[in-house]
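What follows is a set of notes on a single structure, which appears directly below.
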Amino acid sequence: MKVLAVGDPHEDATHPAYRAWMRWLHNKYKCNKTVIIGDVVDHHNISFHERDPDCPGPSEEYKRTRKKVRLWHKDFPKAWVTIGNHDERVVRLAKSVNITTPYLGDYNKVWDTPTWKWVNDVKIDDVYYFHGTGCSGIHPAYNATKAMLMSTVMGHCHSASGIKWACNPDKRIFAMDTGCGIDVKAPQFNYSRYYKKRPVLSAGVILDGTPQHFIMPCGVGERWHRSRFERKRG
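Shown next, in the form of structure tokens:
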């Protein structure tokens, strides 16, 4: 398999060039499977943390986000999505007031993604893909790889990005932190404006179980800089 591993998009707060860059990677490496590593949506208005008043209200956020998710679905109609903690915010909030799962719509109906497969995890070519909820540290995916005893691809930790390897005389396994696709200038991320550690915009391609990791060239003057895409947002 040729798998595109998409970092956390966090719609409607995705970098304006990230989806286009994902299409480019997908086509360049002729990927035949796509895994969006979770947090497809941000769900800022139902966060358990402080909400930013500059963000749109709940109804407007849903409309904008659904529109953007539909664009992802159009570009990657057969994607697998490993459900992230932000994707689950509705479920977590409902359970906090004793609303059980049968009362809630499934992800495909809520986001109009009829051909996506929303799962907790998926194994492809003996590589374990999951969002990474609960994982942390300097090398979160490597910690998960040591726990799983198999190659692992995860997102969740926005400033973690890259590949680490572990080998023994009989086999080698890898750990990939995908990075993310977020737009730090979006009001949803105003809380991080004083942080010194920044998110890494990146993604991965796994070719028959062997990983490659890519940093998005999005600096001033580079191909995927925001100035080339902001007018095309949506």
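So the mapping is simple: the numbering used here equals the position in the sequence shown, first residue as 1, plus 796.
Just so it is clear, CB atoms sit at the ideal spot from N, CA and C, and this is done for glycine as well.
Bear in mind that the values here come from a model prediction, so they are computed numbers and not experimental data.
Inter-residue Cα distance where the pair is Asp-921 and Lys-798: Position 125 of the sequence shown, counted from the first residue, corresponds to residue 921. Position 2 of the sequence shown, counted from the first residue, corresponds to residue 798. If I take the Cα positions, the gap works out to 10 Å.
Could you check whether the region 905-917 touches the region 865-879, counting it as contact only if at least three pairs of C-beta atoms, one from each stretch, sit closer than 8 Å? yes
According to DSSP, is Lys-891 part of a helix, a strand, or is it coil? Along the sequence shown, read from residue 1 onward, the residue named residue 891 stands at position 95. In the structure shown, Lys-891 sits in a helix (DSSP, three-state: H, G or I).
Could you give the DSSP three-state label for Arg-1024: helix, strand or coil? By one-based count along the sequence shown, residue 1024 stands at place 228. The DSSP-derived three-state label of Arg-1024 is helix.
Local conformation of Ile-934 per DSSP, three classes: The sequence position of residue 934 within the sequence shown is 138, counting from 1. Looking at Ile-934 - three-state DSSP - the assignment turns out to be coil, as it is neither helix nor strand.
Start and end residues, alpha helix (DSSP H) containing Met-818: To locate residue 818, count along the sequence shown from 1; it is residue 22. Met-818 -> alpha helix (DSSP H) spans 814-824.
Pairing CB atoms from the region 892-904 with CB atoms from the region 924-937, are three or more of them under 8 Å? By the Cβ rule, the region 892-904 does not count as touching the region 924-937, because fewer than three pairs are nearer than 8 Å.
Are Trp-876 and Val-915 closer than 8 Å when you measure CB to CB? On the sequence shown, residue 876 is found 80 positions in, with the first residue counted as 1. On the sequence shown, residue 915 is found 119 positions in, with the first residue counted as 1. For Trp-876 and Val-915, yes; Cβs fall inside 8 Å.
May I ask you to list the residues that DSSP assigns as paired with Gln-1008? Residue 1008 sits at position 212 when you count from the first residue of the sequence shown. Bridge partners of Gln-1008: Val-1001.
Check whether Gly-1000 and Val-949 have beta carbons under 8 Å apart: As a working note, residue 1000 is residue 204 in the sequence shown. As a working note, residue 949 is residue 153 in the sequence shown. Going by C-beta atoms, Gly-1000 is nearer than 8 Å to Val-949.
Alpha carbon to alpha carbon, how far is Arg-968 from Leu-800? The residue labelled residue 968 in the question sits at position 172 within the sequence shown. The residue labelled residue 800 in the question sits at position 4 within the sequence shown. Straight-line Cα distance between these residues: approximately 21 Å.
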